[in-house]
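Have a look at the structure below before the remarks.
There are 4 protein chains.
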Amino acid sequence: MGRHAAGEDPVKRKQIVEGARQVFMSVGFDAASMNDITRAAGVSKGTIYVYFENKGELFQTIILEAKQKIFEDLRTTLNTEGPVEEILKRFSVRLATGMTCEETVKAMRIAIGVAERFPELVRSFFGDHPGNLVDTLSDFVAARIRTGELAARDPRLAAVQLLELSTGHLWKQRLFGLMDEPPSAVEISEMADNAVALFLSGYSVRT
Amino acid sequence: MGRHAAGEDPVKRKQIVEGARQVFMSVGFDAASMNDITRAAGVSKGTIYVYFENKGELFQTIILEAKQKIFEDLRTTLNTEGPVEEILKRFSVRLATGMTCEETVKAMRIAIGVAERFPELVRSFFGDHPGNLVDTLSDFVAARIRTGELAARDPRLAAVQLLELSTGHLWKQRLFGLMDEPPSAVEISEMADNAVALFLSGYSVRT
Amino acid sequence: MGRHAAGEDPVKRKQIVEGARQVFMSVGFDAASMNDITRAAGVSKGTIYVYFENKGELFQTIILEAKQKIFEDLRTTLNTEGPVEEILKRFSVRLATGMTCEETVKAMRIAIGVAERFPELVRSFFGDHPGNLVDTLSDFVAARIRTGELAARDPRLAAVQLLELSTGHLWKQRLFGLMDEPPSAVEISEMADNAVALFLSGYSVRT
Amino acid sequence: MGRHAAGEDPVKRKQIVEGARQVFMSVGFDAASMNDITRAAGVSKGTIYVYFENKGELFQTIILEAKQKIFEDLRTTLNTEGPVEEILKRFSVRLATGMTCEETVKAMRIAIGVAERFPELVRSFFGDHPGNLVDTLSDFVAARIRTGELAARDPRLAAVQLLELSTGHLWKQRLFGLMDEPPSAVEISEMADNAVALFLSGYSVRT
DNA sequence: AATGAATGAGAGTTCATTCAT
DNA sequence: TATGAATGAACTCTCATTCAT
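The following block contains the structure:
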């Protein structure tokens, strides 16, 4: 039969998710009404409740989807061959780009705002799931220590520091609304240069 | 007569603000009802509307007050005499302590969550007001460059980097609910040590 | 001050109860919407929720009030002096009148319909509360056995039987909608005569 | 082709009715959702609407079926030969058993609860259909008056009185939730004894 | 000046019914 | 003929705000 099972038509589901994203992203969780979402999705209210148990579940879906996009290809960046400096710079640029783009910033803002009600949701951004950012970068640093390219007593600390230097300022400015547009490629590149430079001034092996 | 003009009794105002602070901080903006605040403040609803235009304005007052507390004594830290390293460490410790304490984290979370509705409010945390954090620290770095203690092409960039290194990881963990309690004094001290160490490895004048 | 406390203005309360009675009585519990009641009461929805916790509580109030009216003066009827036959007839008439009037019938119908959800409510009609109908009449019968006017091995059984004979048929016809109007005084009187006659044929002392 | 016309397959119809019976009996009319019934019946929603115009019609069918069961074999009881007392007692026992069993009580409660919306439905329980209870018992009493076994000026009144005495108290207690389980055979038998005894004390021919 | 009872629009969710498949 | 995904009106209840006292 050509018809889909209840709650399983991917086109409808996409429609709902898309409508919900628009509404949630622009007004947040509480201020988003299911009527707004209904309207934005072009789907009836009843249908939404077939696809999602309730407002909260729909919300979590939106946020988790948004989160996926940021981190997915960062690991592959670190797994390529090449000189430390070059790889770290590429990593730093990609990370900062993902963290400061419009969608990420909005998703994080909203998730942070409901942290008390959806604790796992916010945690998941930098959370303990395998392959989280800190672990991944720590592994890279440890490997390059073994190759003699880096020298650090605490690879994890070094990783954390690079992460902060790479995203910190621009991301915070975006999060707190001090920068209305995502930073330009040039700005990101400069910040990455500076981050990697300071990092290497502390952890590269002096000749 | 000893009566105050409408909306001008500072004791009443304090009462309202205190009640609102309790309620907003514990449940956020949307979940806080004016009835709850009325109850917590021990003031009638009508009175609240004499002192504050509406819920949003009251909310902004609360958040701005919370913000003041974090940054107020940081500048004096930088204005003391002494060796760069020592001063920066003290600054770093105070900043991280203020940024990760319960009240700050809650206030930021709530403010971030309603960023779309109260854009100036969130901006004000790290905003462009005179004496903001970046300017203050930049000035300090520039001064120490003039004294020959530090060497940096871009004092502002250096300041930003120190700020990120000083608060970044712990604060982000607190904000995203990955750390339920504020970090201990030891944790903060270690992070400050490491931050200042990396900073100086890049910007201190090599002998 | 001339103003009433929240939920304590007897005029408003009466208005709400009156509106609710109209709506509940004419369509039952489930089919009655709070909007209908709002309209019928001429009071805002919020106000109703100040006076009553929820729909169920309002409903219980309506039904219990209706119940009060039926039974309140029956006991005094039995406490008067006079020959058994005359007293029982008066009791029988009053009971049947109360049980078959429009309001009682509607209240009972609706209460019966929601017996699973409000069990105490239905039970209260003939319930175990002190001074319920069976006890009261049993006491009377027992007293008249002691005076030698009646003879019955089981006064309670005799009381129950009189109650059924007095109300049974007419009440059941009313309850099941076979009689659109309350029975006339004549009909009730005849039924009472017949009930008392059969009762006395079994329990009066033969000379 | 062996297919049935729309809405005419008796097996499907039975399935629907059975599913609806389960659901209606356990939660009542309003709380029963067509989805529940769909599930209980194992038939699609569309199919139900082929066999029954709407929820109300389906409901009426269920209630009428439940009603049939109570009264169907009572007439045969009265048509047997034997002494009046014995026959009346058997009749009384069967009537009380049928009127107080779980299914009857539930069906009556639900029907009574929606009496305003389905007036004919409730009426049908004791209604004017040929062969209703009162007529049947009146005929029996009249016949036994002609044989000289009973003496009553108004056979219909006598019949009504016996009916009330036979079911009244126990049934009312069941209907109003004062008795959670159906009465035991012993209780019913005793009540029947007492009912017939009082009846005969009034209407048997004295020797 | 201060109060708090009253308002009513709007929240999330359910469900009888329809109609494309 | 039978299906069940989709609809959207209607449900109960909440709450920011007003205004008579």
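Chains as they are written, first to last, in this note's numbering: chain A, 584 to 790; chain B, 584 to 790; chain C, 584 to 790; chain D, 584 to 790. Glycine residues also receive a C-beta, built at the ideal position from the N, C-alpha and C atoms. Small disclaimer: the values here were computed from a predicted structure and weren't measured.
- For L746/C, DSSP records no beta bridge to any residue.
- In this structure, L745/B keeps its C-beta atom at 8 Å or more from the C-beta atom of A775/B.
- In the pairwise beta carbon analysis, the region 625–640 of chain D is classified as not touching the region 663–673 of chain D: fewer than three pairs are separated by under 8 Å.
- Chain-ordered, the chain C residues with CB closer than 9 Å to the CB of S784/D read L781, S784, G785 and Y786.
- Taking a contact to require three or more Cβ pairs closer than 8 Å, the region 752–765 of chain B and the region 679–688 of chain B qualify as touching.
- By the rule that beta-carbons nearer than 8 Å mark a contact, P702/B touches chain A.
- At a cut-off of 8 Å between C-beta atoms, L758/A counts as an interface residue with respect to chain B.
- Counting only runs that start and end inside the region 616–649 of chain B, the alpha helix (DSSP H) elements of at least 4 residues fall at 617–624 and 628–634.
- DSSP, read as helix, strand or coil, puts S767/C in coil.
- Residue-level contact check: D718/D does not touch chain C, since none of the beta carbons of chain C fall below 8 Å from its beta carbon.
- For R700/A, there is no enclosing alpha helix (DSSP H), as DSSP gives it neither H nor E.
- For Q756/B, the closest of V743/A, H752/A and R757/A by C-alpha to C-alpha distance is V743/A.
- Cβ contact annotation for T644/C (same chain, cutoff 6 Å, sequence separation greater than five): none.
- For a Cβ distance threshold of 9 Å, residue set R692, L758, F759, G760 and L761 of chain C lies close to V705/D, ordered along the chain.
- At a C-beta separation below 8 Å, G639/B has no neighbours in chain A, since its nearest C-beta there lies roughly 12 Å away.
- Non-local C-beta neighbours of G611/A in its own chain, meaning closer than 7 Å and more than five positions away in sequence, comprise I693 and G696, ordered along the chain.
- Contacts with chain C at 8 Å (Cβ-Cβ) include G611/D.
- Annotated three-state conformation of L761/B is coil, per DSSP.
- Judged by DSSP secondary structure, R729/A falls within the alpha helix (DSSP H) whose first and last residues are L716 to R729.
- Under the DSSP assignment, V610/C falls in the alpha helix (DSSP H) whose first and last residues are P593 to V610.
- Counted as a single uninterrupted DSSP element, the alpha helix (DSSP H) harbouring V688/C occupies residues E685 to G696.
- In the structure shown, S784/C adopts helical secondary structure according to DSSP, grouped into three states.
- Check the Cα spacing between R789/A and each of E732/A, T680/A and S616/A: the tightest is with E732/A.
- Residue burial is scored here from C-beta neighbours: G629/A has fewer than 16 other C-beta atoms within 10 angstroms and is therefore classed as exposed.
- In terms of Cβ geometry, A741/A and Y786/A form a close pair [threshold 8 Å].
- Per DSSP, the beta-bridge partners of L733/B are S787/B.
- In the three-state reduction of the DSSP assignment, N777/C falls in the helix class.
- At a cut-off of 8 Å, the C-beta of K672/D has no neighbouring C-beta in chain C.
- Contact with chain A is found for V697/B, since one of that chain's Cβ atoms lies less than 8 Å from the residue's Cβ.
- Inter-segment contact for the region 593–602 of chain D and the region 700–711 of chain C is absent: fewer than three beta-carbon pairs are separated by less than 8 Å.
- Using beta-carbon distances, F635/C does not count as an interface residue toward chain D, since no partner is under 8 Å.
- Close partners of F642/C in chain D (Cβ separation under 9 Å) are lacking, with about 12 Å as the shortest Cβ gap.
- The beta carbon of V743/D falls within 8 Å of a beta carbon belonging to chain C, placing the residue at that interface.
- In terms of Cα proximity to F759/D, the closest of T659/D, L781/D and K689/D is K689/D.
- Distance between S721/D and T663/D, taken at the CA atoms: about 15 Å.
- Among the residues facing chain A, G710/B is included, as its CB has a counterpart in that chain under 8 Å away.
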